[in-house]
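Read through the structure below, which is laid out as structure tokens, and then see the notes.
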Amino acid sequence: MINQTGLNPEQARAASTFNGPLLILAGAGSGKTSALTCRIANLIASGVPARGILAITFTNKAAREMRERVDALAGTDASDAWIMTFHACCARILRHDIEKMGYKRAFSIYDDDDQTSVVKDILKRRNLDDKVYTVREIRGTLSDIKNKLLSPSEWLEKGEADPRRRTICELMIEYEKRLRESNALDFDDLLIRTLELFAEHPPVLESYQRRFSYIHVDEYQDTNAAQYQMIRLLAARGGNICVVGDDDQSIYGWRGADIRNILDFEKDFPQTQVIKLERNYRSTQNILDAANQVIARNSSRKDKTLWTDRGEGDKLVLFKAFDEKAEAAWVCDRIRMLRQSGVPYGDMASLYRVNAQSRVLEEMLVRAGIPYRVYGGPRFYDRKEVRDIVAYLRVLVNPADDVSLRRIVNTPRRAIGDATVSELVRYSQENGTSLFTSLLEPHDQLASRARKSVLDFGNDLLDMITRVEGIGVGEAVSMVIEKFGLRAQYEKDNTEESRDRLSNIDEFVGAAKEFGEKVEGATLESYLENIALVTDLDSMREGPGAVTLMTLHSAKGLEFGSVFLVGMEQGLFPSNRSLQDLSRLEEERRLCYVGFTRAKDRLYLSYAEQRMLYNQTQHSLPSQFLEEIPMRVVEEGVKTKRVPMGNPDVKTREQLASNKGLRAAPNPKETGRVGALNIPGVHRGYSPSAARAFAEQAAAMMLFKPGDRVLHKKFGEGNVVELKGTGTDSRVRIEFAAYGVKEFVSSMAPIVKVSE
């Protein structure tokens, strides 16, 4: 055995349990990688040949980290151990034996662009409209049916009789034929062809079953049907399989992951030993108690309770905002306070349910001069569908902008191909004219169809330049989107990606309308200038670190000292779609659990009474997840009389023997369901009458002074900057991050002091 100093008793047990099936239920932040790498090193130290060990992960980064740790721990050559991703493992198997299936070993692996090219060519040769049969839909359907281990024909049989569905099936069959003719596989094929190889050639499967006497799978809760079958086949002979995962962090059901794989592991492999890693090394106990209480409401889960010896730590802070701008301003204000106390920007993150929520956050961070980066996806104004709209607007404002014009000349597609664009560029350069001029006066060397398309597009742009003059910014943006089909190109796609793009377009329209309504004398030119300011972050990135913005899905596996989880509203998080489906709701709750457990020291939660999202104003109730948090872990906001609601502080479960007397999470069965309208501990506004009485008393006592932090019912928190007058005639000027400086009569303003 290697030196296991530093492992807790459960980790050490997991690292030294070798024979038979083993399920390691590893809660968030419980040190699963340490246990898994020590187990592999122990196997090698005990005499198991490295070539007999297989360890599967989901990302190259995780595989590299595991490889480095094993090499450091083993103290001997462990290079023969297979430590890699599912796809890398399958590619290695296929390189050796794919000839048995009629392929050559030197097969190509097609990436997304390659797949797109194949599908486009098939559509073209069949004279099918790619707006009706979109590339995204075909590729998405292909991936989905492969991961469900279905052929195109089986997929067709399982659906309703539909001519369109039959056409899509024929396209997928043609796609598979093209790839085989090209001696190529796509990423999904790597798994599928490996399973076919094992099924059609049992000796190949037996050879790998004999080779891998010990099999490990990390993040087992994220496996799909194909990955599950592959692991079951490889482990069928020896039975020494160790899977590590956390059913409470299964959040990828929408892309094929099946939580039943981990929940039913003991049924699939009788005599399974189960080891729970419940000691958390990341978060404080207050954060863990909130996470434990929320996730305990799920029925489809393995019972476990996270605990820590880090102490209770700071309580959670819950903020009720009037709208999304006040929420973003509050986040910026708290970020500034944390930074002033010595917390680096790089140790802070704001998490949200959908990408479109980042827009207001980004704009407010820019105004506040706070550096940030968007993780797991482009910034809002850098997303393709948004950049396309911006490019159209730039051309309308400045027709000489050739860069923007080249971006939109065939977006959406309008029969102006690359060859035509190249000819237009050459002609304009030779004649010293702009590309826009070439659109209006296409020369005769262009083919007749291309010439007509070019001329039509040029005239459409010219017409739009005239039409947007003198109208509102929001109306102009909507007109451009409608005229050039920027929204319509995604409406026919029934995919997660297309829905996300449509949501971002709606969010952009909402932002443009808001700018036009709030900014005096707003024009398209001033709006584009505003966008340029929001996206010009090069100088900010040179500073020491940046606040991270990301979706909750992107945050899995990461950690930050301070986490802001925004948009905790019913219908947004949990999403509207999940409210009618118990399994989806439970996945949303797991997503909430993942969000909570990203925080090490401080967790801030916020929701808005109303939110402009997707170009619609929504009036919302607080998320049901908020009312599932125990009251005792939430910081009281401004002291005021309120009716206690939410989960009260209740008797806890029987304390774990190993937690040194630390508080375990409350049993959800001991608490009743409560109303969602009044959440305990929330930093909230007050009723007008109560606030007025408080303000009159404050004015009489000269309670306010410059520098005080105050709370306004609508505008949120702000700083007192000036006092005027005395007594009941006094006035107070307050600076709010989202709304600027406002002046109030002290005796009438619905404001209360938060702190000095």
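Residues 487 to 1242 (my numbering) make up the sequence shown, in order. Glycine is no exception: its CB is placed at the ideal position from the N, C-alpha and C atoms. Quantities reported herein were computed from a predicted structural model and do not represent experimental measurements.
1. For the 8 Å Cβ check, are there 3 or more pairs between the stretch 635-653 and the stretch 753-768?
2. Flag this pair as yes or no: are the beta carbons of arginine 651 and leucine 657 separated by less than 8 Å?
3. What residues in its chain sit with their C-beta under 7 Å from that of leucine 948, if we drop five residues either side in the sequence?
4. Among Thr709, Thr627, Ala901, which one has its Cα closest to the Cα of glutamine 601?
5. In the DSSP output, which residue or residues are listed as bridge partners for lysine 1270?
6. Quickly, what does DSSP pair serine 1048 with across the bridge? List them, please.
7. Tell me the DSSP bridge mates of glutamate 1203?
8. DSSP beta-bridge partners for valine 860?
9. Where proline 1166 and valine 1120 are concerned, what is the direct C-alpha to C-alpha distance, given to the nearest angstrom?
10. Going by DSSP in three states, glutamate 955 sits in which element: helix, strand or coil?
11. Can you tell me which of Val954, Asn710, Pro928 puts its alpha carbon nearest to the alpha carbon of leucine 882?
12. Comparing the C-beta of asparagine 494 with each C-beta of chain C, is any distance below 8 Å?
13. Below 8 Å on the Cβ atoms is my guess for glutamate 551 versus threonine 519; work out the distance and round it to an integer in Å.
14. By how many angstroms is the C-alpha of arginine 1076 removed from the C-alpha of glutamine 1056?
15. With a floor of 4 residues, list each alpha helix (DSSP H) that falls wholly inside the stretch 667-701, ordered by position along the chain.
16. How many Å lie between serine 785 and tyrosine 1079 at the Cα?
17. With burial defined as no fewer than 16 other Cβ atoms inside 10 Å of the residue's Cβ, what is the status of alanine 886: buried or exposed?
18. Mapping DSSP to helix, strand and coil, what is glycine 492?
19. Between the alpha carbons of lysine 806 and leucine 1107, how many angstroms are there, rounded?
20. Do alanine 812 and phenylalanine 1059 have their C-beta atoms within less than 8 Å of each other?
21. Tell me the start and end of each unbroken alpha helix (DSSP H) in the stretch 885-931 that is at least 4 residues and wholly inside, in chain order.
22. Do lysine 1239 and valine 1196 have their beta-carbon atoms positioned less than 8 Å apart in this structure?
23. From valine 940 to proline 898, what distance separates their C-alpha atoms?
24. Would you say serine 844 and alanine 1085 are within 8 Å of each other, going by their C-beta atoms?
25. Please classify glycine 538 as buried or exposed, where buried requires at least 16 neighbouring CB atoms within 10 angstroms.
26. If isoleucine 902 and alanine 877 are in contact, beta carbons under 8 Å, what's the gap, nearest whole angstrom?
27. Sort out for me which residues DSSP pairs glutamate 1208 with in a bridge.
28. Three Cβ pairs or more, each shorter than 8 Å: is that satisfied between the stretch 762-776 and the stretch 814-832?
29. How long is the line joining the alpha carbons of isoleucine 678 and glycine 960, rounded to whole angstroms?
30. So what does DSSP say about lysine 1191, is it helix, strand or coil?
31. From glutamine 1096 to glutamate 993, what distance separates their C-alpha atoms?
32. Going along the chain, which residues of its own chain have a beta-carbon closer than 8 Å to the beta-carbon of valine 605, five neighbours each way excluded?
33. Give a yes or no on contact between the stretch 555-570 and the stretch 530-544, applying the rule of three or more CB pairs nearer than 8 Å.
34. In the structure shown, what three-state DSSP assignment does serine 934 receive?
35. Is arginine 765 helix, strand or coil by DSSP?
36. Do threonine 1034 and phenylalanine 1046 count as a contact pair if the criterion is CB distance below 8 Å?
Working from what's here:
1. no
2. On the sequence shown, position 165 is the one that residue 651 refers to. On the sequence shown, position 171 is the one that residue 657 refers to. For arginine 651 and leucine 657, no; Cβs fall outside 8 Å.
3. Taking the sequence shown and counting its residues from 1, one reaches residue 948 at position 462. Correct list, in chain order: Leu926.
4. For this step, residue 601 is matched to residue 115 along the sequence shown. The option with the nearest alpha carbon to glutamine 601 is Thr627.
5. The first residue shown for the chain is 487 and the last is 1242, placing residue 1270 beyond what the model contains.
6. Locating residue 1048 in the sequence shown gives position 562, where the first residue counts as 1. Under the DSSP definition of a beta bridge, serine 1048 partners with Met834, Arg1088.
7. Translated into the one-based positions of the sequence shown, residue 1203 becomes position 717. Per DSSP, Leu1197.
8. In the sequence shown, residue 860 corresponds to position 374, counting from 1. DSSP output for valine 860 lists Leu1035 as bridge partner(s).
9. Stepping through the sequence shown from its first residue, residue 1166 is reached at position 680. Stepping through the sequence shown from its first residue, residue 1120 is reached at position 634. Low local confidence applies: a pLDDT of 43 at proline 1166 is under 50, so the model's placement there is unreliable, with the coordinate-based value given in what follows. Rounded to the nearest angstrom, the two C-alpha atoms are 8 Å apart.
10. Walking along the sequence shown from the start, residue 955 turns up at place 469. Glutamate 955: coil per DSSP, three-state reduction.
11. Stepping through the sequence shown from its first residue, residue 882 is reached at position 396. Leucine 882 has its Cα closest to that of Val954, out of Val954, Asn710, Pro928.
12. Given the protein chain composition of this structure (a single chain), no chain C is represented.
13. Taking the sequence shown and counting its residues from 1, one reaches residue 551 at position 65. Taking the sequence shown and counting its residues from 1, one reaches residue 519 at position 33. So it is a contact: roughly 7 Å between Cβ atoms.
14. What you label residue 1056 is simply residue 570 of the sequence shown in a count that begins at 1. What you label residue 1076 is simply residue 590 of the sequence shown in a count that begins at 1. Whole-angstrom Cα-Cα distance: 16 Å.
15. Fully enclosed alpha helix (DSSP H) runs of 4 or longer: 673-686, 688-697.
16. Position 299 of the sequence shown holds residue 785. Position 593 of the sequence shown holds residue 1079. Roughly 14 Å between the two C-alpha positions.
17. By 1-based counting over the sequence shown, the position of residue 886 is 400. With fewer than 16 Cβ atoms within 10 Å of its Cβ, alanine 886 is classed as exposed.
18. Residue mapping note: residue 492 aligns to position 6 of the sequence shown, counting from 1. Reduced to three states, the DSSP call for glycine 492 is coil.
19. Numbered from 1 along the sequence shown, position 320 holds the residue referred to as residue 806. Numbered from 1 along the sequence shown, position 621 holds the residue referred to as residue 1107. Using only the alpha carbons, I get a separation of about 10 Å.
20. Your numbering for residue 812 matches position 326 in the sequence shown. Your numbering for residue 1059 matches position 573 in the sequence shown. Contact flag unset, no.
21. 888-894, 904-917, 921-926
22. The residue you call residue 1196 lines up with position 710 of the sequence shown. The residue you call residue 1239 lines up with position 753 of the sequence shown. In contact: valine 1196 and lysine 1239 (Cβ atoms closer than 8 Å).
23. In the sequence shown, the residue the question calls residue 940 occupies position 454. In the sequence shown, the residue the question calls residue 898 occupies position 412. Approximately 13 Å, taken between the alpha carbons.
24. Taking the first residue of the sequence shown as position 1, residue 844 is located at position 358. Taking the first residue of the sequence shown as position 1, residue 1085 is located at position 599. Their beta carbons are not under 8 Å apart, which means serine 844 does not touch alanine 1085 by this criterion.
25. For the purposes of this step, residue 538 is taken as residue 52 along the sequence shown, with counting starting at 1. Residue burial is scored here from C-beta neighbours: glycine 538 has at least 16 other C-beta atoms within 10 angstroms and is therefore classed as buried.
26. Your numbering for residue 902 matches position 416 in the sequence shown. Your numbering for residue 877 matches position 391 in the sequence shown. Incorrect: roughly 15 Å between the Cβ atoms, too far for contact.
27. Against the sequence shown, residue 1208 aligns to sequence position 722. The partner list for glutamate 1208 (beta bridge, DSSP) reads Arg1219.
28. no
29. Taking the sequence shown and counting its residues from 1, the one referred to as residue 678 is at position 192. Taking the sequence shown and counting its residues from 1, the one referred to as residue 960 is at position 474. One C-alpha to the other measures close to 48 Å.
30. Here residue 1191 refers to the residue found at position 705 when the sequence shown is read from its first residue. Coil at lysine 1191, not helix or strand.
31. Taking the first residue of the sequence shown as position 1, residue 1096 is located at position 610. Taking the first residue of the sequence shown as position 1, residue 993 is located at position 507. Counting only the Cα atoms, glutamate 993 lies some 15 Å from glutamine 1096.
32. Sequence index remark: in the sequence shown, residue 605 carries index 119 (1-based). So the qualifying residues of the chain are Val621, Ile624, Arg625, Leu657, Tyr661.
33. yes
34. Counting from 1 along the sequence shown, the entry for residue 934 is found at position 448. Serine 934 falls in the helix class under three-state DSSP.
35. Here residue 765 refers to the residue found at position 279 of the sequence shown. Reduced to three states, the DSSP call for arginine 765 is strand.
36. As a position in the sequence shown, residue 1046 is number 560, starting the count at 1. As a position in the sequence shown, residue 1034 is number 548, starting the count at 1. Closer than 8 Å, so yes.
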